[in-house]
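Right, one structure below, let's go through it.
Protein chains: 2
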Amino acid sequence: MRLSKRGEYGLRAMILLADAQKNSPTGMTQIKEISAREEIPAKFLEQILLALKNAGLVHSKMGIGGGYYLARASKEITLGQIFRTLDGPLAPVKCVSQMAYEPCGCPDEETCGLRMVMGDVRNAISNILDNTTLAAVVKRVEAARA
Amino acid sequence: MRLSKRGEYGLRAMILLADAQKNSPTGMTQIKEISAREEIPAKFLEQILLALKNAGLVHSKMGIGGGYYLARASKEITLGQIFRTLDGPLAPVKCVSQMAYEPCGCPDEETCGLRMVMGDVRNAISNILDNTTLAAVVKRVEAARA
DNA sequence: CTAAAAGTCTACTAATGTTATAGGATTTAT
DNA sequence: ATAAATCCTATAACATTAGTAGACTTTTAG
Chain R
1050 MRLSKRGEYG LRAMILLADA QKNSPTGMTQ IKEISAREEI PAKFLEQILL
1100 ALKNAGLVHS KMGIGGGYYL ARASKEITLG QIFRTLDGPL APVKCVSQMA
1150 YEPCGCPDEE TCGLRMVMGD VRNAISNILD NTTLAAVVKR VEAARA
Chain W
1050 MRLSKRGEYG LRAMILLADA QKNSPTGMTQ IKEISAREEI PAKFLEQILL
1100 ALKNAGLVHS KMGIGGGYYL ARASKEITLG QIFRTLDGPL APVKCVSQMA
1150 YEPCGCPDEE TCGLRMVMGD VRNAISNILD NTTLAAVVKR VEAARA
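First to last, the sequence lines map onto chains R and W. Numbering-wise (this note's numbering), the first sequence opens with residue 1050 and increments by one. Numbering-wise (this note's numbering), the second sequence opens with residue 1050 and increments by one.
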């Protein structure tokens, strides 16, 4: 049940961008700054941010003084959206995926006990990640710092 | 967030063994029968059952008329135990794992927003898998069949 | 006692996925 | 024009996964 480094780095970067949004209007931040502050390999982060950009979650500005910033207010972006962009479906098995259903190979899906339980697991994960916004995470971090 | 085939096959096999326990005292079943009924490659299943045996979750009997059976009553075995044996820790990131903690590389664990949320995810998964027994799964399957 | 039926155990392989790194192309401010 | 930044694609090194192969051991039936 592991989160990939790609997903981890991407989520951490997005939380940083959400935090930056509070200091300046857009919160535009350069790759190298995110990379330095979060200790993420810069060229790897570049690919990740590009994927998030293509998914419409961040915008960017090229050239001198450019950088990345959230495409929407931080309370309009959920961790679930970021996760799915970088790591694919939340569901532990494809046969309970809402976004990318596929049969998993059990003889009868309707009476597959594993499928029932994994459906619960998927819903539990979704209830957290699809209902947690970047703004909520930033708020929680501030509470922890206090 | 994917369950491996190894984990999937192992969980399905264990649910079958739990069901078999209701028909005969031990519910002893041969690899080839599990393999046929669950459509799992026999030699792969062999390795999986061996791992479950070494973890003390099933017992076996060699020779003619042998097979595998649950080491305890089906209500004494949780899906969490099986999952961990075959796929490792439940936690999406090591820094929130109860069984196998390791730092994940964020600059400060105490104020890492991702870590907080992933802690919640781990707990949600654990609440399901560590509280669901094989007996409960079998019961649920029967309810679905009715 | 022997042969067949079952699990035991280890090694190997092919395919895939992960985690990067490299380097040129493009855009923008000065 | 130049420097600073993102854009984009390729590729390499490594790890994991899913499965296969085969020799070995134990047990029972005859």
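In this text, a Cβ means the ideal position worked out from N, Cα and C, and glycines have one as well.
Hey, could you find the ends of the beta strand (DSSP E) W/K1110 is sitting in?
-> V1107 to K1110
With a CB to CB cut of under 6 Å and the five nearest residues on each side skipped, what residues in its chain are close to R/I1089?
-> Y1058
Examine chain W for any beta-carbon lying closer than 7 Å to the beta-carbon of R/T1182, and answer yes or no.
-> no
Residues of the segment 1155-1185 of chain R with a CB closer than 8 Å to any CB of chain W: list them in chain order, please.
-> C1155, P1156, E1159, T1160, C1161, G1162, L1163, M1165, V1166, M1167, D1169, V1170, A1173, I1174, N1176, I1177, L1178 and T1181
Beta-carbon of R/M1050 versus every beta-carbon of chain W: anything under 7 Å?
-> yes
Please name the residue in R/N1072, R/T1075, R/I1174 and R/L1094 whose C-alpha comes closest to that of R/E1082.
-> R/L1094
Residues, ordered as in the chain, of the segment 1052-1066 of chain R that lie near chain W by beta-carbon distance below 8 Å | L1052, E1057, L1060, R1061 and I1064
Output, in chain order, the set of chain W residues within a Cβ distance shorter than 8 Å of R/L1128.
-> V1166
Could you pull out every residue in the same chain whose Cβ sits closer than 6 Å to the Cβ of R/Q1079, ignoring the five residues on either side in sequence?
-> G1116
Report all residues from its chain with a CB closer than 7 Å to the CB of R/S1053; omit the five preceding and five following residues, and keep chain order.
-> D1136
Listed in chain order, which residues of the segment 1131-1156 of chain R have Cβ atoms closer than 9 Å to some Cβ of chain W?
-> F1132, D1136, G1137, P1138, L1139, A1140, P1141, V1142, K1143, C1153, G1154, C1155 and P1156
Using a Cβ-Cβ distance under 7 Å, would W/V1107 count as near chain R?
-> no
Among residues of its own chain, excluding the 5 on either side of R/L1098, which ones have a beta-carbon nearer than 7 Å to its beta-carbon?
-> A1062, I1080, V1107 and Y1117
Under 7 Å by beta carbon: chain R residues contacting W/R1194 | T1160
Is R/Y1150 helix, strand or coil when you go by DSSP?
-> coil
Anything in the segment 1065-1090 of chain R with a Cβ closer than 8 Å to a Cβ of chain W? List those residues in chain order, please.
-> R1086, E1087 and E1088
Length of the line joining the Cα atoms of W/M1167 and W/S1073 = 43 Å
What whole-angstrom Cβ distance do W/L1139 and R/L1060 have, given they're in contact under 8 Å?
-> So it is not a contact: roughly 19 Å between Cβ atoms.
Please compile the residues from chain R whose C-beta is within a distance smaller than 7 Å of the C-beta of W/R1189.
-> G1162 and M1165
So R/L1178 and R/L1128 are in contact, right, with Cβ under 8 Å, and what is the actual spacing, rounded?
-> 5 Å
How long is the line joining the alpha carbons of W/S1084 and W/G1112, rounded to whole angstroms?
-> 18 Å
Selection from W/R1055, W/C1161 and W/D1169 that minimises the alpha carbon distance to W/P1141 | W/D1169
Starting from R/G1056, follow the alpha helix (DSSP H) in both directions and report where the run begins and ends.
-> K1054 to A1069
Hey, quick one: how far does the alpha helix (DSSP H) through W/L1139 stretch, first residue to last?
-> Premise fails: W/L1139 is in no alpha helix (DSSP H) and is neither H nor E.
List the residues that DSSP assigns as beta-bridge partners of W/G1116.
-> W/K1110
For R/A1067, which residues from the same chain have a beta carbon less than 8 Å from its beta carbon, with the 5 sequence-adjacent residues on both sides left out?
-> G1076, L1119, S1123, I1126, L1183, A1184, V1186 and V1187
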